[in-house]
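Enquirer: Here it is: the structure, laid out below.
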Amino acid sequence: MPETLVVHAPISGTVVPLSDVPDPVFAGQMVGSGAAVEPPPGEAFDVVSPVAGKVVKLLPHAFVVVESAGRGVLTHVGIDTVKLKGEGFKLLIAQGDTVGAGEPVMHVDPTAALAAGYSMVSPVVVLDTKPDTATLMATGAVSAGAALFSLD
3 MPETLVVHAP
13 ISGTVVPLSD
23 VPDPVFAGQM
33 VGSGAAVEPP
43 PGEAFDVVSP
53 VAGKVVKLLP
63 HAFVVVESAG
73 RGVLTHVGID
83 TVKLKGEGFK
93 LLIAQGDTVG
103 AGEPVMHVDP
113 TAALAAGYSM
123 VSPVVVLDTK
133 PDTATLMATG
143 AVSAGAALFS
153 LD
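In structure tokens form, the structure reads like this:
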């Protein structure tokens, strides 16, 4: 049995249950269980790694870190932000890098996303986990790097 995984908030903001994310794939927990964080409106922000591990996938708007037990944690910044093709996203690390929990991964200026009408709600999920297996450790306001949820 893998040890309990504690996943940290990748951004500061308000904790949002996955069921409330305006995207059916995340809301239905089809990619995995977890939570989401909505950053304060209009402010630029840094996105930090929710777990320590190796960055196996790095896109302008999303990344996956595989932690020591082999579980992949996806951070997806905003909804439909893939359509921006990287506008407003500045990567601070490279794919293949090893990161610590709380280490900055990207800097985001949400101006273009908000102008396009996209939500900046950012889901964080442990890939290939059953729905509702994550236990929220934070509600309301959360700071980047603080414990967001745990998963056994």
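Number 117 in our numbering belongs to position 115 of the sequence shown; there are no gaps in the numbering.
Ideal Cβ positions, reconstructed from N, Cα and C, are used throughout, including at glycine.
All values reported here derive from a predicted model rather than from experimental measurement.
#1: Spatial neighbours of K132 within its chain, please: CB distance less than 7 Å, with the 5 preceding and 5 following residues excluded, ordered by chain position.
#2: Run through the segment 85-146 for me and flag every whole alpha helix (DSSP H) of 4 or more residues, listed as ranges in chain order.
#3: Ignoring anything shorter than 4 residues, give me the alpha helix (DSSP H) runs that lie fully in the segment 5-33, in order along the chain.
#4: Can you give me the Cβ contacts of A29 inside the same chain, cut-off strictly under 8 Å, excluding the 5 residues immediately before and after it?
#5: The beta strand (DSSP E) spanning H78 covers which residue range?
#6: When you compare each of S14, G74, A64 to L86 by their alpha carbons, which one comes out closest?
#7: What are the residues that DSSP puts in a beta bridge with G55?
#8: Have a look at G90 and G104 and give me their C-alpha separation to the nearest angstrom.
#9: In the DSSP assignment, find the beta strand (DSSP E) that holds D48 and state where it starts and stops.
#10: Where do the N-terminal and C-terminal ends of the beta strand (DSSP E) with L61 fall, by residue?
Expert: Reading off the structure:
#1: Translated into the one-based positions of the sequence shown, residue 132 becomes position 130. Closer than 7 Å at the Cβ level, and outside the excluded window around K132, lie S35.
#2: The segment 85-146 contains these whole alpha helix (DSSP H) runs: 113-117.
#3: Qualifying alpha helix (DSSP H) stretches, in chain order: 26-29.
#4: Within the sequence shown, the letter at position 27 stands for residue 29. Excluding positions up to five away in sequence, the list reads L20, S21, D22, V23.
#5: Locating residue 78 in the sequence shown gives position 76, counting from the first residue. Counting along the chain, H78 sits inside the beta strand (DSSP E) bounded by residues 74-78.
#6: In the sequence shown, the residue the question calls residue 86 occupies position 84. Selected option, being the one with the closest Cα: A64.
#7: As a position in the sequence shown, residue 55 is number 53, starting the count at 1. DSSP lists V101 as partners of G55.
#8: Counting from 1 along the sequence shown, the entry for residue 90 is found at position 88. Counting from 1 along the sequence shown, the entry for residue 104 is found at position 102. The straight-line gap from Cα to Cα measures roughly 21 Å.
#9: For the purposes of this step, residue 48 is taken as residue 46 along the sequence shown, with counting starting at 1. Under the DSSP assignment, D48 falls in the beta strand (DSSP E) whose first and last residues are 47-50.
#10: For the purposes of this step, residue 61 is identified with residue 59 of the sequence shown, where counting begins at 1. Going by DSSP, L61 is part of no beta strand (DSSP E) at all; its letter is neither H nor E.
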